[in-house]
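Reading through the structure tokens given below for one structure.
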DNA sequence: CCGAAAAGCTTGCATCTGCAAGCAATTCGG
DNA sequence: CCGAATTGCTTGCAGATGCAAGCTTTTCGG
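Residue numbers (the numbering used here), protein chains in the order written: chain E, 1 to 148; chain A, 149 to 296.
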């Protein structure tokens, strides 16, 4: 028997790798950003006050706290984010989206949209695209880090 | 307007990250393999003569030649693959699946199936799973490295 | 109120990965 | 047939990432 379940998962991982490789190339050359850096900005964008503590950001990016620390440093130098501390809890070090960061993510989202449209070309109906979106959303419902 | 196209791609990348993280943990503890090492074995498994030149393997794994070289070395020490050269073209260095490697991949596939089934739990109909598989397959049709 | 446990962040170390350069073998052009 | 270009592979170097350890601050238990 052919395992449709297994097949779906294999195709999911494969498709993701293919798409991400395309995105990475485009993002690097056009915006000077890695895909993960773009995702970091997008997470901040949809957070209250456009900011998140490092640990929370790590959860949403499905990565480790040390990675967030190291990702934020160069982006801070570029002025895309700032560091902000909490007066109530001195342990917290928020990563805050700056205006420059907000602008950057707007540009990046345009690229993302363009690439997404290109991936579906014209052989896809709006309904099929919606279907795929729904199925994928259901697959990982409840997992942290969903981007709107 | 909400961009369904963009949303599908974002969910694709997100879902893949979530699933891969789960797989990685399970694979490491149960089989002592990384997900990519398992994929390498699976690529060999479905190749003619259960072997592939390093460059071809790199294409199918969507990675670089140097990565394949470095991935193969430890797996060779473990006896999962062997190196084989071509009498016609002395440049070629095939990565060949061994019996031990074939056994390993069978075990790994079982884990993979189990995890895949778990991802879909029971809220999914067979039709929906087939639908997802079809949509994803269509999305990256023609890209190298598809696993059967 | 005090000491223990926990939480948030950073840093050292190890691993994985890609690019560019280098080497060996093959193929191509004239 | 010969030199140039190409192909396959490996290796040096740099960047990204996770884990474990360490530091500071907060919270918890009695």
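Note that CB positions come from ideal geometry on N, CA and C, so glycine has one too.
So is residue 168 of chain A buried or exposed if we call it buried at 16+ other beta carbons inside 10 Å?
Taking the second chain and counting its residues from 1, one reaches residue 168 of chain A at position 20. Buried, by the Cβ-count rule.
Enclosing beta strand (DSSP E) for residue 196 of chain A [first to last residue]:
In the second chain, counting from the first residue as 1, residue 196 of chain A sits at position 48. Residue 196 of chain A -> no beta strand (DSSP E), and no H or E assigned at all.
Identify which residue in E/138, E/75, E/146 has its Cα closest to the Cα of residue 101 of chain E.
Sequence index remark: in the first chain, residue 101 of chain E carries index 101 (1-based). Sorting E/138, E/75, E/146 by C-alpha distance to the C-alpha of residue 101 of chain E places E/75 at the top.
Length of the line joining the Cα atoms of residue 108 of chain E and residue 183 of chain A:
Residue mapping note: residue 108 of chain E aligns to position 108 of the first chain, counting from 1. Residue mapping note: residue 183 of chain A aligns to position 35 of the second chain, counting from 1. Rounded to whole angstroms, residue 108 of chain E and residue 183 of chain A show a C-alpha spacing of 30 Å.
Contacting positions in the segment 152-166 of chain A - beta carbon closer than 7 Å to chain E
Of all residues in the segment 152-166 of chain A, only 152, 153, 154, 155, 156, 157, 158, 159, 160, 161, 162, 163, 164, 165, 166 place a beta-carbon less than 7 Å from a beta-carbon of chain E.
Quick check on the DSSP output: the alpha helix (DSSP H) that includes residue 111 of chain E runs from which residue to which?
As a position in the first chain, residue 111 of chain E is number 111, starting the count at 1. Its alpha helix (DSSP H) spans residues 99-120.
What do you get for residue 7 of chain E, buried or exposed, if any count of 16 or more other CB atoms within 10 angstroms of its CB means buried?
Counting from 1 along the first chain, the entry for residue 7 of chain E is found at position 7. With 16 or more other Cβ atoms within 10 Å, it is buried.
Just confirm the distance between the C-beta atoms of residue 69 of chain E and residue 54 of chain E, as a whole number of angstroms; I'd bet it's less than 8 Å.
For the purposes of this step, residue 69 of chain E is taken as the residue at position 69 of the first chain. For the purposes of this step, residue 54 of chain E is taken as the residue at position 54 of the first chain. In this structure residue 69 of chain E touches residue 54 of chain E by the C-beta definition: roughly 6 Å separates them, less than 8 Å.
With a threshold of 9 Å between beta carbons, is residue 105 of chain E in contact with chain A?
The sequence position of residue 105 of chain E within the first chain is 105, counting from 1. Chain A, which has no Cβ nearer than 9 Å to the Cβ of residue 105 of chain E, makes this no.
Roughly how many whole angstroms lie between the Cα atoms of residue 140 of chain E and residue 166 of chain A?
Here the question's residue 140 of chain E lines up with position 140 in the first chain. Here the question's residue 166 of chain A lines up with position 18 in the second chain. The alpha-carbon atoms of residue 140 of chain E and residue 166 of chain A are separated by roughly 7 Å.
Within the 9 Å Cβ cut-off, does residue 113 of chain E reach chain A?
To locate residue 113 of chain E, count along the first chain from 1; it is residue 113. Judged by the 9 Å Cβ criterion, residue 113 of chain E is in contact with chain A.
Which chain E residues sit within Cβ distance under 7 Å of residue 245 of chain A?
Mapped onto the second chain, residue 245 of chain A falls at position 97. Against chain E, a Cβ distance below 7 Å from residue 245 of chain A picks out nothing, because the smallest value is about 18 Å.
N-terminal and C-terminal residue of the beta strand (DSSP E) that residue 82 of chain E is part of
As a first step, residue 82 of chain E is located in the first chain; it is residue number 82 there, counting from the start. Its beta strand (DSSP E) spans residues 81-85.
Using three-state DSSP, classify residue 140 of chain E as helix, strand or coil.
On the first chain, residue 140 of chain E is found 140 positions in, with the first residue counted as 1. Of the three classes helix, strand and coil, the one that applies to residue 140 of chain E here is coil, per DSSP.
If you draw a straight line from the alpha carbon of residue 104 of chain E to that of residue 219 of chain A, how long is it in whole angstroms?
Taking the first residue of the first chain as position 1, residue 104 of chain E is located at position 104. Taking the first residue of the second chain as position 1, residue 219 of chain A is located at position 71. Note on geometry: alpha-carbon atoms of residue 104 of chain E and residue 219 of chain A lie some 37 Å from one another.
Could you give the distance in angstroms between the alpha-carbon of residue 56 of chain E and the alpha-carbon of residue 176 of chain A?
Here the question's residue 56 of chain E lines up with position 56 in the first chain. Here the question's residue 176 of chain A lines up with position 28 in the second chain. Spanning the two alpha carbons is a distance of roughly 26 Å.
Is the CB of residue 168 of chain A under 9 Å away from at least one CB in chain E?
In the second chain, counting from the first residue as 1, residue 168 of chain A sits at position 20. True, the Cβ-Cβ gap to chain E drops below 9 Å.
What residues in the segment 274-287 of chain A have a beta carbon less than 8 Å from any beta carbon of chain E?
So the close ones are 274, 276, 277, 278, 279, 280, 281, 283, 284, 285, 286, 287.
Residue from E/111, E/42, E/89 with nearest C-alpha to residue 25 of chain E
In the first chain, counting from the first residue as 1, residue 25 of chain E sits at position 25. Closest by alpha carbon: E/111.
Listing by chain order, which chain E residues have their CB less than 8 Å from the CB of residue 268 of chain A?
Here residue 268 of chain A refers to the residue found at position 120 of the second chain. Those within 8 Å of residue 268 of chain A in chain E are 5, 8, 139.
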